[in-house]
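The numbering used here numbers the first residue of the sequence shown as 8 and each following residue consecutively.
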Amino acid sequence: MNIPGLTVAKTAEGEVKPRLIVCHGSEDGLAKTAIDGNALLIGVSTIVGGGDGEVFDVVRSGLAQVFYSETIAIGDPITANADGRAKKAMSGDFIIGYAEVVGDADELGTIWIAPSKQA
């Protein structure tokens, strides 16, 4: 079951595909696909992404479905890979939250959104 928490509308800076991790864009109200764990991760795009300049929804809290980029275990801290997919975080990475389900590359998994930075 997936019951998303707070969902907000953002305007896409570049194309944002569905079920990917996003970060702030270059101006207020913009969001873009996250490409690593070097910037604050703010949420996950929903089942409907958005083209450049289009409005799309971002899940900001609770549980969210996201595509995995590698093998993930329950409880793994999650950051973004170069395509915005979930990967295990390393020390110093910003994280979007923690894995709620086990999964492999290209599978749709679920994360608990709890943004922070790994020590």
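Just so it is clear, CB atoms sit at the ideal spot from N, CA and C, and this is done for glycine as well.
Since I believe residue j is in contact with residue i (beta carbons under 8 Å), could you give me their beta-carbon distance rounded to a whole number of angstroms?
{"i": "G44", "j": "A96", "result": "6 Å"}
{"i": "Y105", "j": "G82", "result": "6 Å"}
{"i": "V65", "j": "I49", "result": "7 Å"}
{"i": "G57", "j": "V23", "result": "5 Å"}
{"i": "T128", "j": "D111", "result": "What the structure shows of the chain is the stretch from 8 to 126, and residue 128 is not part of that stretch, so it cannot be assessed."}
{"i": "P25", "j": "I54", "result": "5 Å"}
{"i": "Y75", "j": "E114", "result": "5 Å"}
{"i": "G151", "j": "A41", "result": "The structure shown has nothing for residue 151, since the chain only spans 8 to 126."}
{"i": "A71", "j": "V51", "result": "4 Å"}
{"i": "G12", "j": "E20", "result": "The pair is not a contact, with the Cβ atoms about 23 Å apart (cut-off 8 Å)."}
Figure out for me which residue from the options has the closest Cα to the Cα of residue i.
{"i": "D59", "options": "I118, T18 and I102", "result": "T18"}
{"i": "I102", "options": "K39, S123, E61 and E34", "result": "S123"}
{"i": "I118", "options": "G99, A16 and R67", "result": "R67"}
{"i": "D100", "options": "V62, N88 and F63", "result": "N88"}
{"i": "A80", "options": "V62, E61, Q125 and V108", "result": "V108"}
{"i": "S98", "options": "A16, A126, E61 and A121", "result": "A126"}
May I ask you to report which of helix, strand or coil DSSP gives residue i?
{"i": "A71", "result": "strand"}
{"i": "T40", "result": "strand"}
{"i": "G82", "result": "coil"}
{"i": "P122", "result": "strand"}
{"i": "G32", "result": "coil"}
{"i": "T53", "result": "coil"}
{"i": "V2", "result": "Since the first and last residues shown for the chain are 8 and 126, residue 2 lies out of range."}
{"i": "L127", "result": "Past the edges of the chain, shown from 8 to 126, lies residue 127, and the structure says nothing about it."}
{"i": "L47", "result": "coil"}
Over the uninterrupted beta strand (DSSP E) stretch that includes residue i, give me the two end residues.
{"i": "K24", "result": "That residue, K24, is in no beta strand (DSSP E); it is neither H nor E in DSSP."}
{"i": "A93", "result": "A93 to K95"}
{"i": "D64", "result": "V62 to V66"}
With a threshold of 7 Å (Cβ to nearest heavy atom), would residue i be considered close to the ligand GTP?
{"i": "E107", "result": "What this structure holds is no ligand at all, so the ligand GTP is not there to describe."}
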